[in-house]
Amino acid sequence: MASSDPKPQVYGQGSGSDPAAELQRQMAVQAAQQGARAAGTQARHGFYEVKAYILENPGSIKVLCFLIGLVLIVFSILGCFNLFGAAFSPKEYLSNIYNVIFGIIICICDGKESWMEKCGNVQAKLFQSCYFLATATGRALFYFYVGSMTLLVLPDSDFWKIFYVAIGGLLVLAALFMFSLSTCIANAQVRSTMWLQGPVWRNAK
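Position one of the sequence shown corresponds to residue 2 (our numbering), numbered consecutively onward.
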């Protein structure tokens, strides 16, 4: 004898997609997109922190540039007093005065931050007034200019000629290294940004 009890009715059958399932799917997609964006933002933030740390110049380059600045200051002052057989021309005296100023700027740029804070926070003030010195590319161009100008000072004295060639050459090499480092970091940043944004845009579609 056949049972006359009606079969249980399942809502959502035969009516296409289940609204609850569709809502869950959309929420899952949105959660995945938000997670990808958050991961990308955090990764970029970490990358920028590393970049900012590197762009301060590696420790060896900072020490080298600071010492070059000190030597440039001391010997430029000594040259103004005709020591070590300088016998400079008026143009070379003027170059020595400029070199003293440039040496002070170099020491401020690459000096230890705690030292600069004790000197009236002069480093931060310099970077605010001359922002290009706070960037790796701007500082590299400045060092290259100072180095090339120092190389062009060729007095008659062999001692001073060797001194200016050595100091100018070291500054030019340091500037080229800093410029290549900043270029490599900039290229890495572009590639990292493109790689991090790729999954986000694909998920958004």
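Where is the CB? At the ideal position from N, CA and C, for every residue including glycine. Just so we're clear, the structure is a prediction, and the values are computed from it rather than from any experiment.
Could one say the Cβ of residue i lies closer than 8 Å to chain B's Cβ atoms, at least one of them?
| i | result |
| --- | --- |
| aspartate 159 | Absent here is chain B; the protein component of the structure consists of one chain. |
Ends of the alpha helix (DSSP H) at residue i?
| i | result |
| --- | --- |
| glycine 80 | 60-81 |
| proline 91 | 91-111 |
| glycine 148 | 137-152 |
| phenylalanine 128 | 123-130 |
| glutamate 115 | Reading off the sequence shown, one finds serine at residue 115, where the question assumed glutamate. It spans 114-119 - the alpha helix (DSSP H) in which serine 115 sits, taken as one unbroken run. |
Measure from the alpha carbon of residue i to the alpha carbon of each residue in the options, then state which is nearest.
| i | options | result |
| --- | --- | --- |
| phenylalanine 1 | Ile98, Ser181 and Gly70 | Because the chain in this structure spans residues 2 to 206, residue 1 falls outside the shown range and cannot be described. |
| serine 61 | Leu95, Leu153 and Lys113 | Lys113 |
| phenylalanine 180 | Ser158, Phe145, Ala167 and Asp159 | Phe145 |
| threonine 138 | Glu23, Ala175 and Gln27 | Ala175 |
| lysine 92 | Phe128, Leu155 and Tyr132 | Leu155 |
| alanine 167 | Phe76, Ser90 and Glu23 | Phe76 |
| glycine 148 | Ile69, Asp159 and Leu84 | Ile69 |
| valine 101 | Trp116, Thr151 and Val123 | Thr151 |
| leucine 177 | Leu142, Gly80 and Val72 | Leu142 |
| serine 96 | Leu153, Ala125 and Val123 | Leu153 |
| glycine 80 | Gln27, Gly170 and Asp157 | Asp157 |
| isoleucine 78 | Tyr94, Ser90, Leu65 and Lys63 | Tyr94 |
| threonine 136 | Phe103, Ser183, Met117 and Ser115 | Ser183 |
| glycine 169 | Tyr132, Leu127 and Leu65 | Leu65 |
Should residue i go down as buried or exposed, given a rule of 16 or more other Cβ atoms within 10 Å for buried?
| i | result |
| --- | --- |
| leucine 172 | buried |
| cysteine 110 | buried |
| tryptophan 161 | buried |
| arginine 140 | buried |
| leucine 84 | exposed |
| glycine 121 | exposed |
| leucine 134 | buried |
| glutamine 129 | exposed |
| glutamine 124 | buried |
| glutamate 118 | exposed |
| asparagine 188 | exposed |
| glycine 47 | Confidence at glycine 47 is low in this model, with a pLDDT of 46, below 50, so the placement of that residue should be treated as unreliable; the coordinate-derived value is given next. Flag for glycine 47 reads exposed. |
Whole-angstrom Cβ separation of residue i and residue j, contact assumed at under 8 Å?
| i | j | result |
| --- | --- | --- |
| isoleucine 74 | isoleucine 105 | 6 Å |
| phenylalanine 67 | cysteine 108 | 6 Å |
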